[in-house]
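Chains as they are written, first to last, in our numbering: chain R, 11 to 581; chain H, 89 to 505.
The beta carbon of each residue, even a glycine, is placed where N, CA and C say it ideally should be.
No experiment lies behind these values; they were computed from the predicted model shown.
Here's the structure we're looking at; comments come further down.
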């Protein structure tokens with residue numbers, strides 16, 4: 011069916027009425043009918059099986075059973091390996107060991123026990139058994155059907171339901187306790203592969219014969235873990251059940267609802283925490299003799315400060331993503347105030363660094379400066395490396411195995427890092443990599459290893475000039491501006507968000523065009539992150555399954571079961 | 089190296105009936121004895137016969153290898169002694185005629201994809217030894233594939249005109265003013281090894297451009313993903329873009345081992361070295377180097393250097409993607425990557441086709457691999473960099489560290505992609 015804009019185009023095309031063509035062309039423009047970049051026709055993403063992260067597990071348990079139960083159980087899932095910049099992408103390549111299965115089972119036991127205990131059963135179980143000492147198949151079925159749907163993220167088929175009710179009834183009979191039986195059935199659900207793995211399932215796409223798309227429930231899960239970092243809620247599952255998610259307008263309704271939900275903040279905090287490698291804060295420490303003002307609480311607040319800054323900037327204020335690297339606006343806590351050298355009130359308060367301050371943007375926040383330093387001193391090399399890898403998606407090779415660090419250690423009696431690192435420039439085997447790290451990191455030398463400002467190092471004034479990919483700067487202000495305007499900065503966010511959303515690293519072989527498409531639209535929309543999230547979530551690439559998957563990316567076997575299914579399916 | 093891919097045919101009928109009669113030493117009369125076969129085997133290596141006449145590992149010299157030419161596809165023939173499908177029923181004289189004159193036993197013209205323009209210079213004795221060797225190898229029954237040349241190039245008779253214009257028949261004549269080593273090198277380079285087939289530019293009819301001999305050529309061959317793309321063979325004269333910076337010992341080392349201080353073999357040159365030059369005696373390899381180093385500098389046309397803005401972009405890309413291994417000096421390191429400055433023929437070549445190929449797809453290294461201390465092979469950048477970026481990067485490489493290769497355009501990259 012032709013749209014209004016299509017009709018206008020036809021009218022203004024050659025062969026239309028000559029006199030009205032220019033007028034209609036103008037109307038066309040004024041009417042805002044420009045469609046903008048068109049998504050590549052063949053865009054699609056791989057089917058994946060990915061392990062739920064610990065945070066996703068906790069969020070899901072909290073969402074279904076309440077935060078108190080979630081908080082009482084340590085997430086049993088193994089740590090993920092960062093892949094192409096994201097732990098979330100590593101989830102597509104991880105398995106579970108026998109020990110980890112045991113941990114998953116122990117967590118299931120704990121969760122199930124709490125759900126059915128006297129404190130929780132009345133509001134978590136939607137019915138009461140005829141007798142608490144006997145099996146009640148109807149009540150058990152009602153609970154298991156409703157709860158299982160949320161945990162499995164799709165309805166349970168009747169065979170599975172019968173198995174679970176059978177487990178509940180048999181256990182109730184044995185223990186003479188309806189709730190103990192129900193708890194055992196809930197355990198069985200919680201240790202299912204389909205619960206702890208996010209398993210994409212495809213189906214033939216009726217709109218594209220010969221091609222596959224995610225089925226509605228897989229699409230709901232993908233959307234939910236992307237935007238909320240948790241399993242779909244009831245409303246999203248209903249949209250999947252009704253087929254609404256496979257209709258453009260229905261999908262838009264669901265995505266728009268998710269984007270205005272307060273849970274979007276949870277999702278984006280998880281994403282940026284992952285992208286900025288904030289999991290490293292778990293093992294970050296500073297030498298208390300050198301940096302006595304930096305405690306574990308300080309570092310924890312540094313992480314929180316940056317997450318608050320990001321969320322406020324990109325979601326609350328809907329500002330240009332690139333300006334995160336030059337903004338003076340942030341939040342301050344008492345713990346951080348000592349490092350920043352500024353007074354503040356109790357709790358978290360909005361704060362703006364004054365004009366003239368060297369603090370501008372994420373690179374000058376304590377989280378970045380302290381995380382990418384040594385325990386006792388700053389590290390221009392680590393900072394330069396992080397700048398490239400975290401925010402520009404550029405890879406810096408690992409140092410060669412035979413690198414001779416003694417050259418650096420024996421740099422002689424030098425006062426500043428710039429002098430010490432000069433050795434990199436004079437040693438050819440070091441120079442190649444350090445050329446793309448040190449100059450950027452040296453621009454941040456006005457901040458010590460804890461992120462405190464300093465004008466000098468060992469009494470010598472600091473030279474913070476340098477170059478970032480052809481842009482020459484004099485100081486940290488120049489670096490932050492160069493970073494803000496770097497063409498790879500928005501590209502990197504697009505790359506990471508698309509990977510995060512589709513559950514695995516991008517393949518430049520297949521995804522170049524779709525990434526370029528998202529980037530073009532991101533730019534067109536003023537680099538507003540919510541608009542980018544919406545573009546990705548609504549794209550064909552997000553829900554269409556790539557037909558030419560390489561073997562390594564084919565993660566579901568012919569039976570549609572994940573490799574871990576056998577290990578985890580304990581029923 | 090794959091032979092004359094820009095093969096040429098010409099349009100005119102001819103009697104095509106000339107045959108060669110050896111004036112002094114009919115090959116029919118030469119007894120097939122061990123030493124002669126051994127000599128023939130060595131000559132077959134020097135001529136790199138197997139690279140073109142072997143399509144499968146179980147089909148040594150049985151032909152069937154396809155050559156893409158501007159005029160269609162042409163297949164190498166079976167030169168095993170199979171009577172029905174090979175050259176088992178050929179006489180020595182017929183074989184000599186094919187080498188010397190480019191004609192089949194039935195008088196038909198051969199297409200110069202078979203480089204008889206070079207082989208015509210091979211001596212009667214060597215042709216006889218080569219024939220003796222080929223008659224001694226196992227016969228393989230394998231029908232020659234039908235060439236897929238389009239009209240009118242599928243008319244063999246038309247080659248007579250082409251020959252009249254471009255083919256100088258005759259055995260190599262020694263230059264008495266030069267040393268025996270130089271003459272041996274010239275004989276190997278110009279006759280048996282037919283280096284000019286790839287390393288000389290060709291005119292519009294596909295014949296080697298004699299005034300620009302050995303200044304570099306272009307041919308079509310496979311890139312690592314199996315598709316056919318243009319490759320550039322570098323200048324072998326002593327021009328700045330050629331062997332001018334390479335000492336004689338480095339030339340010899342490259343031919344003998346596939347590696348020297350300046351470059352390592354990759355792509356189509358692999359089979360030249362693996363199947364041919366590395367098997368030659370040190371004396372012969374040195375003689376080839378002596379001859380090549382004597383070629384006077386002759387520079388093919390080069391493009392102007394790119395604009396500074398393009399070079400700046402290229403420099404940034406180099407630092408990010410290349411300099412960590414090839415180093416900011418461009419001199420590389422034996423553990424990380426080969427040098428790109430100070431004598432890399434790939435970078436300096438007047439035509440950047442091979443440079444673009446290696447950036448797009450990474451180098452196709454010899455199989456089996458050469459001994460190496462490299463930590464990792466070069467990755468491909470086909471999906472990492474776009475056309476404009478690769479053009480800027482290549483332009484930078486060709487202007488840095490004394491290189492003067494000139495600008496590479498995004499259009500050139502797009503054509504190679």
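Residue span of the alpha helix (DSSP H) that contains residue 381(H), given as start and end: 370 to 382
Contact set for residue 73(R): own chain, Cβ-Cβ below 6 Å, skip 5 residues either direction: 240
8 Å contact criterion, which residue 356(H) and residue 309(H) should meet: CB distance rounded: 5 Å
Meets three-Cβ-pair contact criterion under 8 Å: the segment 269 to 284 of chain R and the segment 366 to 381 of chain R: no
Assigned secondary structure, residue 342(R) (DSSP; H/G/I helix, E/B strand, else coil): strand
For residue 212(R): DSSP bridge partner residues: 224(R)
Simplified DSSP state of residue 78(R), which is helix, strand or coil: helix
Nearest to residue 358(R) (by Cα), restricted to the options 351(R), 344(R), 149(R): 344(R)
is_contact[residue 334(H), chain R] using C-beta, thresh 8 Å: no
Contacting positions in the segment 476 to 504 of chain R - beta carbon closer than 8 Å to chain H: 479, 480
DSSP-derived helix/strand/coil call for residue 162(R): helix
Residue 482(R), buried or exposed, once every other Cβ within 10 Å from all chains shown has been counted against 16: exposed
Beta-bridge pairing of residue 524(R) - partner residues as DSSP gives them: According to DSSP, which records beta bridges pairwise, residue 524(R) is partnered with nothing at all.
Proximal residues of chain H, C-beta to C-beta of residue 522(R) below 7 Å: 471
Exposure of residue 68(R), with buried meaning 16 or more beta-carbon neighbours within 10 Å: buried
Counted within 10 angstroms of its Cβ, other Cβ atoms place residue 157(R) as buried (16 or more) or exposed: buried
Per-residue contacts from residue 400(H) into chain R (C-beta, under 8 Å): 480
Contacts of residue 149(R) in chain H (Cβ-Cβ under 9 Å): Those do not exist, as residue 149(R) stays about 56 Å from chain H at its closest Cβ, beyond 9 Å.
DSSP state of residue 502(H) mapped onto helix, strand, coil: helix
Check: residue 466(R) C-beta below 7 Å from any heavy atom of the ligand COA: By its list of ligands, the structure shown contains no ligand whatsoever, and the ligand COA lies outside what it can speak to.
Endpoints, alpha helix (DSSP H) assigned at residue 60(H): Shown here, chain H extends from 89 to 505; a query on residue 60(H) therefore has no answer.
Contacts that residue 443(R) makes with chain H (C-beta to C-beta distance below 7 Å): 412
Residue 518(R) in three-state terms, based on DSSP: helix
Uninterrupted beta strand (DSSP E) stretches inside the segment 306 to 337 of chain H (no shorter than 3 residues): 316 to 321
Reference residue 168(H); option with closest CA among 397(H), 153(H), 142(H), 190(H): 142(H)
CB contact below 8 Å: residue 408(H) versus chain R: yes
Spatial distance of residue 349(R) from residue 315(R) (CA atoms): 13 Å
The segment 159 to 169 of chain R touching the segment 117 to 130 of chain R, judged by at least three CB pairs closer than 8 Å: no
Runs of alpha helix (DSSP H) wholly within the segment 436 to 483 of chain R (minimum 4 residues, chain order): 438 to 444, 448 to 452
Residue-level contact to chain R via CB, residue 29(H), 8 Å cutoff: Nothing can be reported for residue 29(H), as the shown portion of chain H is limited to 89 through 505.
Cutoff 8 Å; reference residue 468(R); Cβ partners in own chain excluding five residues on either side: 425, 426
Coil, strand or helix - residue 197(R) by DSSP: helix
Residues bridged to residue 554(R) [DSSP beta-bridge criterion]: 223(R)
Cβ-based burial, residue 462(R) [other Cβ within 10 Å; buried from 16]: buried
Residue 42(R) to residue 534(R) span [Cα, whole Å]: Low confidence applies here, because residue 42(R) scores a pLDDT of 42, under 50, leaving its location unreliable and the question unanswered by this model.
CB contact flag (residue 481(H), residue 447(H), <8 Å): yes
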